[in-house]
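Peer 1: The following block contains the structure, expressed as structure tokens.
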Amino acid sequence: MIAFYFFAAIAIGASLMVIAQRNPIYSVLFLIASFGALSGLYVLLDAPFAAVTQIIVYAGAIMVLFLFVVMLLNAPHEDTEHDLRLHPLIRGGPLGFGVVLALVLVLELGAALVGGRESGRFAGGATSSVRAIGRSLFTDYAFAFEATSVLILVAMVGAVVLARREHR
Amino acid sequence: MPTLNQYLVLSAVLFSIGTAGVFVRRNVITILLSVEIMLNAVNLTFVAFGRALGSADGQIIVFFVMTVAAAEAAVGLAIVISLFRHKESLNPDMFTALRW
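Read top to bottom, the protein sequences are chains A and B. So the first sequence is numbered by this note's numbering: it starts at 1 and just counts up by one. So the second sequence is numbered by this note's numbering: it starts at 1 and just counts up by one.
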């Protein structure tokens, strides 16, 4: 129980820092911390495969790609001098919209917590071994798995074509 | 032992943070990072429901979501690089022309 609140606090705090940072590099690093906390939550949920994939694929591959692009573009600061004076989260338009969004969230969470039925505790015992996941992935979900390989190929070709320098 | 409700509330909070990031920030890279936060909130929901139902399907869906997120990040960042080359800016308000 303590571990759940610990990881949940890290995940929420780091995610808030992601959208509150001016410099995208800090945003990426805070997002990696948030992914680490989510990985801990997956371990608490008896999902070791999801936890390890989260670290390897998200924190290891996708975030390195983001970091690489941020450093490649070398444009850390956001737009004009008007924005340099005010923090990005407290400008006129965003502030009003954020207040509305936060109110809606609080109302909906309150309604869900008060009106909803209390869910029972999880059944005991580990239910999902990596062996079961692999068997299911290559039998029941074999078509989706192969379609994923085509998707990755298309994404790779598309990224190369989009980022290529044009020859005139 | 936390209940399913607590995981769902945490997921809803993370998803809202990601949504707020997409609407509020004026930096294309930060917007993409907020989309990643939203995808991860949904992943947490899948794993929590899979655990509650005692099935491995939740983790399999998470695997596919991660694959799509990787493809999305690769194509999205390639588009960001291409846009930055043309406009020297990352502000989405700068990209108003349909062709150049």
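In this text, a Cβ means the ideal position worked out from N, Cα and C, and glycines have one as well. Since we're looking at a predicted model, the values are computed, not measured.
Is there a Cβ of chain A sitting closer than 8 Å to that of I60 (chain B), yes or no?
Peer 2: Cβ-Cβ to chain A under 8 Å: yes for I60 (chain B).
Peer 1: Using the Cβ count rule (16 or more neighbours within 10 Å means buried), how would you classify T96 (chain B)?
Peer 2: Classification for T96 (chain B): exposed.
Peer 1: Out of curiosity, what's the CA-to-CA distance linking L67 (chain A) and N74 (chain A)?
Peer 2: Looking at the two C-alpha atoms, the distance is approximately 11 Å.
Peer 1: Below 8 Å on the Cβ atoms is my contact criterion, and I expect A132 (chain A) with V47 (chain B) to pass it. Report the Cβ-Cβ distance as a whole number of Å.
Peer 2: Contact flag wrong, Cβ pair sits at about 14 Å.
Peer 1: Between M38 (chain B) and chain A, is there a C-beta pair that is closer than 8 Å?
Peer 2: No - not a single Cβ of chain A is within 8 Å of the one on M38 (chain B).
Peer 1: What do you get for Y7 (chain B), buried or exposed, if any count of 16 or more other CB atoms within 10 angstroms of its CB means buried?
Peer 2: Buried is the call here.
Peer 1: Among A:L65, A:E108, A:Y42 and A:V104, which has the Cα closest to the Cα of P24 (chain A)?
Peer 2: Closest option to P24 (chain A), Cα to Cα, is A:L65.
Peer 1: Given this structure, state the Cα-to-Cα distance separating S82 (chain B) from Q54 (chain A), to the nearest angstrom.
Peer 2: So the alpha carbons of these two residues sit roughly 28 Å apart.
Peer 1: Could you please tell me which residues of the region 9 to 27 of chain B, in chain order, have their CB closer than 8 Å to any CB of chain A?
Peer 2: Answer in chain order: V9, L10, A12, V13, L14, S16, I17, G18, T19, A20, G21, F23, V24, R25, R26 and N27.
Peer 1: For A97 (chain B), would you say it is in contact with chain A, using Cβ-to-Cβ distances shorter than 8 Å as the test?
Peer 2: It does not: the Cβ of A97 (chain B) has no partner Cβ on chain A nearer than 8 Å.
Peer 1: Is the beta carbon of L151 (chain A) less than 8 Å from the beta carbon of T19 (chain B)?
Peer 2: For L151 (chain A) and T19 (chain B), no; Cβs fall outside 8 Å.
Peer 1: Between T67 (chain B) and chain A, is any beta-carbon pair separated by less than 8 Å?
Peer 2: Yes, its Cβ sits closer than 8 Å to a Cβ of chain A.
Peer 1: Measure from the C-beta of Y26 (chain A) to each C-beta in chain B and report whether the shortest distance is under 8 Å.
Peer 2: No, Y26 (chain A) does not count as interfacial toward chain B.
Peer 1: By the criterion of Cβ-Cβ separation under 7 Å, what are the contact partners of T45 (chain B) in chain A?
Peer 2: Chain A residues near T45 (chain B): none, gap ~11 Å exceeds 7 Å.
Peer 1: Thinking just about the alpha-carbon of each residue, which of A:Y58, A:F49, A:V57 and A:A59 is nearest to the one in A56 (chain B)?
Peer 2: Considering only alpha carbons, the answer is A:F49.
Peer 1: Nearest chain B C-beta to E81 (chain A) closer than 8 Å, yes or no?
Peer 2: Below a pLDDT of 50, predicted positions are generally treated as unreliable, and E81 (chain A), at 48, falls in that range; the measurement from the model is reported next regardless. Not closer than 8 Å to any Cβ of chain B, the Cβ of E81 (chain A) fails to qualify, so no.
Peer 1: With DSSP run on the structure shown, which of helix, strand or coil describes V96 (chain B)?
Peer 2: Inspection of the sequence shows that residue 96 (chain B) is occupied by Thr rather than by Val. Correct three-state label for T96 (chain B): coil.
Peer 1: Between the Cα of I29 (chain B) and the Cα atoms of B:A74, B:L98 and B:F15, which residue gives the shortest distance?
Peer 2: I29 (chain B) has its Cα closest to that of B:A74, out of B:A74, B:L98 and B:F15.
Peer 1: Please determine, among B:Q59, B:I79 and B:K87, the residue with the shortest C-alpha to C-alpha distance to N43 (chain B).
Peer 2: Of the candidates B:Q59, B:I79 and B:K87, the one whose C-alpha sits nearest the C-alpha of N43 (chain B) is B:Q59.
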